[in-house]
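Residue numbers for the sequence shown follow the numbering used here, beginning at 1 and rising by one. Glycine included, every Cβ here is placed at the ideal spot set by N, Cα and C.
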Amino acid sequence: MKSSHLGVFAGTLIIAGTAIGGGMLGLPVVTGPCGFLPSMSVLISSWAFMTLTAILFCELCLWKKDQINILSLTRHTLGKGGAFLCWVLYLFLFYSLAIAYLVGGANFISEFIGVEILPTLRIVLFALVFIPLVLLGKRVIDPVNQLFVIGLLISYFSLVFIALPSVSLTLLGHQNWPLAINALPVTFTAFGVQGTVPTLCSWMDYDGPKIRKAIVTGTTITLFVYILWQIIFLGIVPKEGDHGLLATLKEGRDAIHPLQYFTQNPTIWGFARAFGFFALTTSFLGTGIGLVDFIRDGLKISKKNLDNQLIVALFAYAIPVTIAILCPGIFLKALGLAGGFGCAILLGVLPIVMVYYSKYKQNAPLLEKRILGNKSFLSALLLFALFEIICEIINLIG
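See below:
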């Protein structure tokens, strides 16, 4: 039914809600050593790259409307070998993201209920509440996501309005450009919406102009949200010191707690907690959409009975929940691995290769009149993705 299809506004909220999440909470921590201006260059380049590759996925979905997931698209364009690689990369990326969001989201449980509880119990409670929402699908996720994104925006802009007077231009003036490349893995993760695109295309009835508008609008909103976020944190929390950004990075924690320490403002702390919670839950729901549909598509599992839902839930979340329980301090590490390899290869390299192969080897009628289909442009995108992967390998070796 047409009335059930999502419009641009709802699609934009899903894109923005998926992007604005755990990656954002890690951004000030990983960009702190390089400074504000270098972090802007990394953010803007990551935004452009990830938006363009999301549109590449959109074009592939518009071409093969019966292929509702990245796995199906890969199998159709690159064969069984490509599909196997897609399985491995997809599960690595989305398991890493699920682990990060489970750990990050669970950290807010004690604060909201007002009682300190063990990390294991916090993670289990978070999983029991939000995993069923993912499994229930569009009719449940859409209104919940819209409500949470509205809460996210209200808490975010309230936090920005109250905290801006405390920003120090001196702290924002710090620059160390060579360290900027260390932030690329997390900035890639911060714009990682491509896994949601195939499902979104189906939900928006494969209306190309509307889907593209939702993608570009959603990621652009995300970019501006991140820029203000960077100004707040890098202008208030110093790089050095016991509670500074470097110490927070070493501890593997998110950026909310050092903000509390340096502002000592309960109002700022309240809005920061609310924002952190909404950001993590909307990202958990958004990435969950892609993960669950990917598993259903890959295993050919229907949605018709409870047993099938339980199989999907176990396959999607048993490993992430287990790792999150065993390693509750893995938040930033999981984000870095997700972006450094998962986002760069699966969400960056793969759509470029699929579009190139489909257009120039299979003569697919896609991207014929757009710059995105040009060989030189696809090559430039590919080089940027390979540069990020090399940087992450160097970081791990170092």
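Leaving out the 5 sequence neighbours to the left and right, which residues in its chain are closer than 6 Å to residue i when beta-carbon positions are compared?
i	result
Ala316	Leu291, Val292, Ile295
Ala19	Phe191, Val193, Thr222
Phe49	Phe384
Ser3	Annotation note: pLDDT 40 at Ser3 (below 50); position unreliable, coordinate value reported separately. Taken in chain order, the list of residues that qualify is empty.
Gly7	none
Gly208	Leu62
Leu125	Ile109
Pro146	The residue you asked about is not Pro; residue 146 is Gln in the sequence shown. Closer than 6 Å at Cβ, skipping near neighbours: Leu13.
Thr196	Thr18, Gly286, Ile289, Gly290
Arg253	none
His243	Pro258, Tyr261
Glu408	Nothing about residue 408 can be read from this structure; the chain reaches only from 1 to 398.
Ile323	Ile99
Considering only the beta carbon of each residue, do residue i and residue j sit closer than 8 Å?
i	j	result
Ser155	Phe271	yes
Thr51	Thr219	yes
Leu347	Thr53	yes
Leu97	Ala255	no
Ser41	Ala180	yes
Leu37	Gln175	yes
Ile70	Arg212	no
Gly17	Phe157	no
Ile109	Arg122	yes
Thr187	Ile289	no
Gly151	Phe278	yes
Leu350	Cys86	yes
Asp297	Ser39	no
Asp184	Ser46	First, the amino acid is wrong: residue 184 is Leu here, not Asp. Yes. Within cutoff.
Ile325	Thr120	yes
Leu27	Gln230	yes
Leu228	Lys239	no
Taking residue i as part of the alpha helix (DSSP H), name the residues at either end of that continuous run.
i	result
Asn145	138-163
Phe384	375-397
Lys359	350-360
Cys86	70-106
Thr230	In the sequence on display, residue 230 carries Gln and not Thr. Per DSSP, Gln230 belongs to the alpha helix (DSSP H) from 208-234.
Ala255	Premise fails: Ala255 is in no alpha helix (DSSP H) and is neither H nor E.
Ser283	266-299
Thr187	184-190
Gly17	8-19
Gly336	331-337
Thr199	197-203
Using DSSP bridges, identify the partner residues of residue i.
i	result
Gly35	Gln175
Quick one: does the C-beta of residue i sit closer than 7 Å to a heavy atom of the ligand FAD?
i	result
Ile215	In terms of ligand content, the structure shown is empty, and the ligand FAD therefore cannot be addressed.
Only counting the same chain, and skipping five residues up and downstream in sequence, which positions put a Cβ closer than 8 Å to that of residue i?
i	result
Leu249	Val29, Val30, Gly32, Pro33, Leu332
Thr263	Ala163, Ser166, Ile236, Trp269
Asn182	Val30, Pro33, Cys34, Cys391, Asn395
Leu381	Phe49, Leu52, Thr53, Gly348, Ile352
Val216	Thr51, Ile55
Thr267	Ile162
Tyr206	Cys61, Leu62, Lys65
Tyr360	Lys375
Ile330	Ile99, Ala100, Val103, Gly252, Ile323, Ala324
Kindly say whether residue i, judged by its beta-carbon, lies nearer than 8 Å to any beta-carbon of chain D.
i	result
Tyr360	This model lacks chain D altogether, as it is built from one protein chain only.
Excluding sequence positions up to five away, which residues of its chain have a Cβ less than 7 Å from the Cβ of residue i?
i	result
Ala318	none
Val140	Leu133
Glu320	In the sequence as displayed, the identity of residue 320 is Pro instead of Glu. Taken in chain order, the residues that qualify are Tyr95, Ala98, Ile99, Leu102.
Leu275	Sequence check: residue 275 is Phe here, not Leu. Excluding sequence neighbours, Phe275 sits near Leu152, Ser155, Tyr156, Leu159.
Phe224	none
Lys138	Trp203
Ile311	Ile301
Gly79	none
Next on the checklist: Closer than 8 Å is the cut-off here; do at least three beta carbon pairs connect the region 186-197 with the region 339-350?
Outcome noted: Taking 8 Å as the limit for Cβ pairs, the verdict is that the region 339-350 does touch the region 186-197.
Checklist entry - Are there three or more Cβ pairs, one per stretch, closer than 8 Å when the region 162-169 is compared with the region 9-19? => result no
Checklist entry - Do the region 95-110 and the region 274-287 meet, that is, are 3 or more Cβ pairs less than 8 Å apart? => result Segment contact: the region 95-110 against the region 274-287, three or more CB-CB distances shorter than 8 Å; contact assigned.
Checklist entry - Is there contact here, the region 320-340 with the region 87-98, by at least three beta-carbon pairs under 8 Å? => result Counting Cβ pairs under 8 Å, three or more are found: they touch.
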